[in-house]
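Data first, discussion second: the structure below is written as structure tokens.
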Ligand code: AMP
């Protein structure tokens, strides 16, 4: 059988790419209004970046990384499973912290995770993400959440839900962690096997277990354990969201288990997507820059799954109809006329006009059919006789009218009628 694409990956053909471009343009324009500059980092990084930047106890690092050895130094590299660690690496490598008070970056690109593929979950998928480094202000949390939501809304999604939590900080979380262990310890045998090991390594993650959600109902809630600073921060974020008309629900089980995640955690869902309804996830990570050997730098970010965003747009039937590009088709009869036609097509393209011709020596009728099929607005018809007189015919395809135009004036003429 012919070779097929790897499991969990997708091909995007031109029609689909047009939809991607539409979404990417919406993202770029909102990001610029919010003051975010675009970055691009390598698709692979030193494996150690992800071990430290995502955490060795996470599923991503333990089960899902595409790691390979390369070169003779025994280095191993990993296809990036997400972009935050790379953004922080770049921030440090280029010593951006010394040059800017606050850094606002966004990226769009492919990520790789060896997961079990299903609708909305792929092994190569794309994320649009934004990161702000250098601000601890709750205004930044609200700004970032607002950007994530506005992107989803700008492509026509309605009925989105925003879930919000605070995961505290290294001051208050250890006490909560202990409370959680004490709560679950007596029922340890009833927990799923994954959660039994989570309980010792990373107890907060028991809260987002998908196997048995009932067990967390009575569990202690982190919001009851927040220190004064975290509580104030959390309240301010909520106040600011309300002030700009964003509603949310509090979800005390929305957690990120690692020490460098702090304070705000959030998720945006599009419920009609069912099992894979999480479109965006994000939160504060005040400890990550230091974890990667940088100066203590507060930071917050999020990532939106592009495939899920596109699935959601499809579900909501919000994808606009794209009008075909205005075009000109050059119809030519005979060798000499075809060469002249080729010259014209090339010159039109240089003027940013979508132009095409056949060049296969078909009859005039077939060439006009091709022009109709590509919905050309105009056809330029070059016959041997016209050419001899230095003239061509310009045909308005919709109206079926045509006009004789001098060959040396036809470029200006067509540009004028097409662009107005
Ligand atoms: P995460 O980086 O795990 O916080 O994920 C952020 C967002 O990326 C999720 O809300 C999803 O929309 C998307 N995402 C994560 N993993 C996948 C995947 N395997 N396939 C498609 N989208 C994904």
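In this note's numbering, the protein residues as written are 1097 to 1516.
Cβ atoms here follow ideal geometry from the backbone N, Cα and C, with glycine treated the same way.
Because the structure is a prediction, the values reported are computed rather than measured.
Straight-line Cα distance separating residue 1265 from residue 1329: As a first step, residue 1329 must be located in the chain shown, where it is residue number 233. As a first step, residue 1265 must be located in the chain shown, where it is residue number 169. Approximately 11 Å, taken between the alpha carbons.
The stretch 1242 to 1252 in contact with the stretch 1207 to 1221 per 3-pair CB rule at 8 Å: no
Coil, strand or helix - residue 1165 by DSSP: Mapped onto the chain shown, residue 1165 falls at position 69. Three-state result, residue 1165: strand.
The ligand AMP heavy atom lying under 7 Å from the CB of residue 1401: Looking up residue 1401 in the chain shown gives position 305. Yes, the beta carbon of residue 1401 sits closer than 7 Å to at least one heavy atom of the ligand AMP.
Beta-carbon contacts of residue 1346 that lie in its chain and below 7 Å, excluding the five residues immediately before and after: Position 250 of the chain shown, counted from the first residue, corresponds to residue 1346. Cβ neighbours of residue 1346 beyond the five flanking positions: 1260, 1261.
CA-to-CA distance, residue 1184 to residue 1290, given in whole angstroms: Taking the chain shown and counting its residues from 1, one reaches residue 1290 at position 194. Taking the chain shown and counting its residues from 1, one reaches residue 1184 at position 88. Going by the C-alpha atoms only, they are around 30 Å apart.
Proximity test, residue 1471 beta-carbon vs the ligand AMP heavy atom, cut-off 7 Å: Taking the chain shown and counting its residues from 1, one reaches residue 1471 at position 375. No, the beta carbon of residue 1471 sits no closer than 7 Å to any heavy atom of the ligand AMP.
Burial state of residue 1138, where buried means 16 or more other Cβ atoms lie within 10 Å: Taking the chain shown and counting its residues from 1, one reaches residue 1138 at position 42. Classification for residue 1138: exposed.
Of the listed residues 1322, 1389, 1385, 1375, nearest to residue 1360 (C-alpha basis): As a first step, residue 1360 must be located in the chain shown, where it is residue number 264. Answer by Cα proximity: 1322.
Cβ-heavy atom distance, residue 1112 to the ligand AMP, below 7 Å: Within the chain shown, numbered from 1, the residue matching residue 1112 stands at position 16. No, Cβ of residue 1112 sits at least 7 Å from all heavy atoms of the ligand AMP.
Distance between residue 1253 and residue 1189 (C-alpha atoms, nearest Å): Walking along the chain shown from the start, residue 1189 turns up at place 93. Walking along the chain shown from the start, residue 1253 turns up at place 157. Their Cα atoms are separated by approximately 38 Å.
Burial state of residue 1108, where buried means 16 or more other Cβ atoms lie within 10 Å: In the chain shown, counting from the first residue as 1, residue 1108 sits at position 12. By the neighbour-count rule (16 or more Cβ atoms within 10 Å), residue 1108 is not buried but exposed.
Per-residue DSSP class, three states only, for residue 1197: Reading the chain shown from its first residue, position 101 is the one you call residue 1197. Three-state DSSP puts residue 1197 in coil, outside helix and strand.
Reference residue 1125, options 1202, 1098, 1146, 1366, closest by Cα: Working through the chain shown from its first residue, we reach residue 1125 at position 29. For residue 1125, the nearest C-alpha among the options comes from 1202.
Residue 1244 CB to nearest heavy atom of the ligand AMP below 7 Å: What you label residue 1244 is simply residue 148 of the chain shown in a count that begins at 1. The answer is no for residue 1244.
Identity of the residues DSSP links to residue 1374 by a beta bridge: The count along the chain shown starts at 1 and reaches residue 1374 at position 278. 1365.
Residue environment, residue 1340, which counts as buried when at least 16 other CB atoms sit within 10 Å: Within the chain shown, numbered from 1, the residue matching residue 1340 stands at position 244. By the 10 Å Cβ count, residue 1340 comes out exposed.
Distance between residue 1415 and residue 1376 (C-alpha atoms, nearest Å): As a working mapping, residue 1376 is identified with position 280 in the chain shown. As a working mapping, residue 1415 is identified with position 319 in the chain shown. When rounded, the distance between both Cα atoms is 19 Å.
Three-way DSSP call (helix, strand, coil) for residue 1451 in this model: Counted from its first residue, the chain shown places residue 1451 at position 355. Here residue 1451 sits in strand by DSSP.
Alpha helix (DSSP H) segment containing residue 1115, residue limits: As a working mapping, residue 1115 is identified with position 19 in the chain shown. First-last of the alpha helix (DSSP H) with residue 1115: 1110 to 1129.
Any non-hydrogen atom of the ligand AMP closer than 7 Å to residue 1374 Cβ: By one-based count along the chain shown, residue 1374 stands at place 278. Because some heavy atom of the ligand AMP lies under 7 Å away, the Cβ of residue 1374 counts as near it: yes.
C-alpha distance - residue 1217 paired with residue 1120, whole-angstrom precision: As a position in the chain shown, residue 1217 is number 121, starting the count at 1. As a position in the chain shown, residue 1120 is number 24, starting the count at 1. Between residue 1217 and residue 1120, the C-alpha separation is close to 20 Å.
Cβ-heavy atom distance, residue 1202 to the ligand AMP, below 7 Å: In the chain shown, residue 1202 corresponds to position 106, counting from 1. Flag unset: Cβ of residue 1202 not near the ligand AMP.
Beta carbon of residue 1295 nearer than 8 Å to that of residue 1277: Numbered from its first residue, the chain shown carries residue 1295 at position 199. Numbered from its first residue, the chain shown carries residue 1277 at position 181. Yes. Within cutoff.
Contacts around residue 1131, its chain only, beta-carbon distance under 7 Å, and the 5 residues preceding and following it disregarded: As a working mapping, residue 1131 is identified with position 35 in the chain shown. Only 1200 meet the Cβ criterion.
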